[in-house]
Amino acid sequence: DAGITQSPRHKVTETGTPVTLRCHQTENHRYMYWYRQDPGHGLRLIHYSYGVKDTDKGEVSDGYSVSRSKTEDFLLTLESATSSQTSVYFCAISDRSNTEAFFGQGTRLTVV
Amino acid sequence: AQSVTQLDSHVSVSEGTPVLLRCNYSSSYSPSLFWYVQHPNKGLQLLLKYTSAATLVKGINGFEAEFKKSETSFHLTKPSAHMSDAAEYFCVVSGSSNTGKLIFGQGTTLQVKP
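Below is the structure:
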C-alpha cells in the first residue's frame, strides 16, 4: 500500500460538535483529496489540495473545511457535524494530474 | 464537464463464467480512465488504467478493459470469475487536465455464485 494513514479509523460524535479527520502521507505526493462514500453515490469529492496551502472545493464541500500546512498532512474539518455527514471518508493522494490516486483505508464517522 | 456512468448497479455471475462490467464516460478532452475495486470494509485498489496509450489495458487478477472512443465506453472484463472477485467496482474518469480530480461512477456490485 502507498504510505497513507488516516486517523481516526472510527469515530462517533454528537450533532453540532466539530470534528477533524487527518490524512498523513509519506510519498511526498503533490495532490491530496478527501472523498466521502455513501451507498448509491460512489465516492464524491469534498475538497482537494494541489500543494501546500493550495486547496479547492469539490462537489460536496458544504459544511467542510480543509487545511494543508505541510506536504504530508491534509486535514478535513466538519465545522458542526450533522447526521447527514455520517459516512465513510477516504483520503487519496497522487503525484500528478491525469493519473491514478492511491487511497487510505477510510474513516467511518457516525454523527448521532 | 467530465462524468461517468456505470450501467449496472449489480451484476451476478457464476464462478468460472465471464464477467462484464459496463462503463460509459463523458469528457470534453482525452481522458484518463481507471477501474478500482473495493472489497467489503476495505479501501480502494487500482485494477487498471488507461492514459492514452494502448486501448486494450490489462490489469491485475486477470481483468482487462478496452477504451472505445467512438462508443465512449471503458468496459471491464474477465474471462473467468473467481469467488474472490466478489466486490464493488468503480469506473473513474480524470476530472480535468490540471487538478488531478477523479470523478467516480456510482459503482457496480459483483456477486459471484458457486
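So the sequences go chain by chain: B and F.
Residue numbering for the first sequence follows my numbering, beginning at 3 and increasing consecutively.
Residue numbering for the second sequence follows my numbering, beginning at 19 and increasing consecutively.
C-beta: ideal position from N, C-alpha, C; glycine also.
**Prompt:** Going along chain F, which residues have a C-beta under 8 angstroms from Asn30 (chain B)?
**Reply:** Locating residue 30 (chain B) in the first sequence gives position 28, where the first residue counts as 1. In chain order: nothing, as chain F lies at least about 15 angstroms away.
**Asked** How long is the line joining the alpha carbons of Pro10 (chain B) and Gln124 (chain F), rounded to whole angstroms?
**Response** Sequence index remark: in the first sequence, residue 10 (chain B) carries index 8 (1-based). Sequence index remark: in the second sequence, residue 124 (chain F) carries index 106 (1-based). Each residue's alpha carbon lies about 26 angstroms from the other.
**Asked** So what's Gln56 (chain F) in DSSP terms, helix, strand or just coil?
**Response** The sequence position of residue 56 (chain F) within the second sequence is 38, counting from 1. Residue state, collapsed to three classes: strand.
**Prompt:** Looking at the structure shown, is Gly44 (chain B) part of a helix, part of a strand, or coil, going by DSSP?
**Reply:** If you number the first sequence from 1, residue 44 (chain B) lands on position 42. If DSSP states are grouped into helix, strand and coil, Gly44 (chain B) belongs with the strands.
**Request:** Measure the C-alpha to C-alpha separation of Asn100 (chain B) and Leu128 (chain F) and round it to an integer number of angstroms.
**Result:** Your numbering for residue 100 (chain B) matches position 98 in the first sequence. Your numbering for residue 128 (chain F) matches position 110 in the second sequence. Cα to Cα, Asn100 (chain B) sits roughly 27 angstroms from Leu128 (chain F).
**N- and C-terminal bounds of the beta strand (DSSP E) containing His93 (chain F)** = Looking up residue 93 (chain F) in the second sequence gives position 75. Note, His93 (chain F): beta strand (DSSP E), 91 to 96.
**Asked** Are the Cβ atoms of Gly106 (chain B) and Glu81 (chain B) separated by less than 9 angstroms?
**Response** Here the question's residue 106 (chain B) lines up with position 104 in the first sequence. Here the question's residue 81 (chain B) lines up with position 79 in the first sequence. Against a cut-off of 9 angstroms, the Cβ pair of Glu81 (chain B) and Gly106 (chain B) comes out as no contact.
**Asked** Excluding sequence positions up to five away, which residues of its chain have a Cβ less than 6 angstroms from the Cβ of Thr22 (chain B)?
**Response** For the purposes of this step, residue 22 (chain B) is taken as residue 20 along the first sequence, with counting starting at 1. A distance below 6 angstroms between beta-carbons, with the five flanking residues on each side excluded, links Thr22 (chain B) to the following residues of its chain, in chain order: Leu77, Thr79.
**Cβ contact (3+ pairs, closer than 8 angstroms) linking the segment 30 to 45 of chain F and the segment 79 to 96 of chain F** = With the cut-off at 8 angstroms, the segment 30 to 45 of chain F and the segment 79 to 96 of chain F touch.
**Request:** Please name the residue, chosen from F:Ser21, F:Thr23, F:Cys109, that lies closest to Lys67 (chain F) on a Cα-to-Cα basis.
**Result:** As a first step, residue 67 (chain F) must be located in the second sequence, where it is residue number 49. Selected option, being the one with the closest Cα: F:Cys109.
**Asked** Between Phe85 (chain F) and chain B, is there a C-beta pair that is closer than 9 angstroms?
**Response** The residue you call residue 85 (chain F) lines up with position 67 of the second sequence. Not one chain B Cβ lies under 9 angstroms of Phe85 (chain F).
**Asked** Got a sec: which bits of the segment 96 to 112 of chain B sit with their beta carbon under 8 angstroms from any beta carbon on chain F, in order along the chain?
**Response** Ser96, Arg98, Ser99, Asn100, Thr101, Glu102, Ala103, Phe104, Phe105, Gly106, Gln107, Gly108
**Message:** Would Arg46 (chain B) and Tyr37 (chain B) be called neighbours here (beta carbons separated by less than 9 angstroms)?
**Reply:** Along the first sequence, one-based indexing puts residue 46 (chain B) at 44. Along the first sequence, one-based indexing puts residue 37 (chain B) at 35. Contact: yes.
**Request:** Report yes or no: do the segment 82 to 92 of chain B and the segment 44 to 54 of chain F share at least 3 C-beta pairs separated by less than 8 angstroms?
**Result:** Touching, no, given that fewer than three Cβ pairs across the two stretches are closer than 8 angstroms.
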